[in-house]
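Working notes for the structure below.
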Amino acid sequence: MTHDEFFEWLKSKQDNGKLNQVQVDGMNELLTVVRADVLQTAISALNGWTHTASAATGSLLLSKSGADMMKRYEGFKSKPYIDMVGVPTIGYGNTYYLDRRKVRMTDAPLTEPQAAKLKQDIINLDFASGVNKLFADEIKSGKLNQNMFDALVSLAYNIGIGALSRSNSVTGNIHAGNYKAAADGFLKFNNGRVNGKLEPIPGLTRRRTEERALFLS
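Printed below as a string of structure tokens:
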């Protein structure tokens, strides 16, 4: 994203479609140390702009309905806990904070609103941006809509951007234009370790099924 594209996007978010000089000067100062696309995501999160798409930016953010779906599966815990793979975790499944500091078992508890905001901000900064990069052409051309994007972000948050990028069943099929096959590919990621062995997990199966339905809706 260029600086001009950033300012056009920011103007589109104003009621009068304009920016005053204080806003312009402040943004220009921030743009000397932060990339335009990162600043766009941060401003969207701070203002509660949960999704955006335009010809100029060619990008999407996780919608509120997508975030709510993910929250149902992650579950909320105010205090740090050890997850199923032995990693300190807090809130809605977060293992680190916005400053990249890892969660520690001695960290202070989070309120539910704090945890929800942390999750949304980290998803948009790390996972939504990754999905945008993977499917930039499809998003810009309008072939990948908000529901598809939300489903992919939910999957990426669960399995990792790297695993999603290597997935022929999902990513490969999307690039090939085989969207029904891509939706079916979600169902393959329902395994977890039980007593050291990989086997289907009922909760993951339900999540993949809902993501598949969202992708096709």
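To convert, take the position in the sequence shown, counting from 1, and add 29; that gives our numbering.
Virtual Cβ for every residue (Gly too), placed ideally from N, Cα, C.
Rounded to whole angstroms, residue 238 and residue 159 show a C-alpha spacing of 22 Å. Between the region 129 to 138 and the region 42 to 55 there are fewer than three inter-stretch CB-CB distances shorter than 8 Å, so the stretches are not counted as touching. DSSP places residue 92 outside both helix and strand once states are collapsed to three, so it counts as coil. Contact between residue 144 and residue 115 is ruled out by a C-beta separation of about 21 Å, above the 8 Å threshold. Comparing C-alpha distances from residue 246 to each of 188, 175, 225 shows the shortest one belongs to 175.
Rounded to the nearest angstrom, the gap between the Cα atoms of residue 148 and residue 207 is 31 Å. When only Cα atoms are considered, residue 225 and residue 35 end up about 48 Å apart. Leaving aside the five residues that flank residue 53 on each side, the residues in its chain whose CB is nearer than 8 Å to its CB run, in chain order, 36.
Rounded to whole angstroms, the gap between the alpha carbons of residue 240 and residue 102 is 11 Å. Listed as beta-bridge partners of residue 67 by DSSP are no residues whatsoever.
Positions of the beta strand (DSSP E) runs, each at least 3 residues long and wholly inside the region 199 to 224, are given as 220 to 223 in order along the chain.
Distance from the CA atom of residue 111 to the CA atom of residue 217, rounded to whole angstroms, is 26 Å. In summary, residue 214 is buried, with 16 or more beta-carbon neighbours lying within 10 Å of its beta-carbon over all protein chains present.
For residue 156 against residue 185, the beta-carbon gap comes to about 5 Å, under 8 Å, which counts as contact. A distance below 8 Å separates the beta carbons of residue 153 and residue 73. If the five residues before and after residue 233 are omitted, its C-beta is found closer than 8 Å to the C-beta atoms of 187, 218, 219, 220, 221, all from its own chain and listed in chain order. Residue 118 is bridged by DSSP to 110. In the structure shown, the three-state DSSP call for residue 76 is helix.
For residue 118, the closest C-alpha among the options 106, 127, 39 is that of 106. The continuous beta strand (DSSP E) containing residue 229 extends over residues 226 to 229.
Residue 95 sits close to residue 179, with the two beta carbons spaced by under 8 Å. Residues 211, 214 of the same chain have their beta carbon placed closer than 6 Å to that of residue 199, with the five preceding and five following residues left out of the count.
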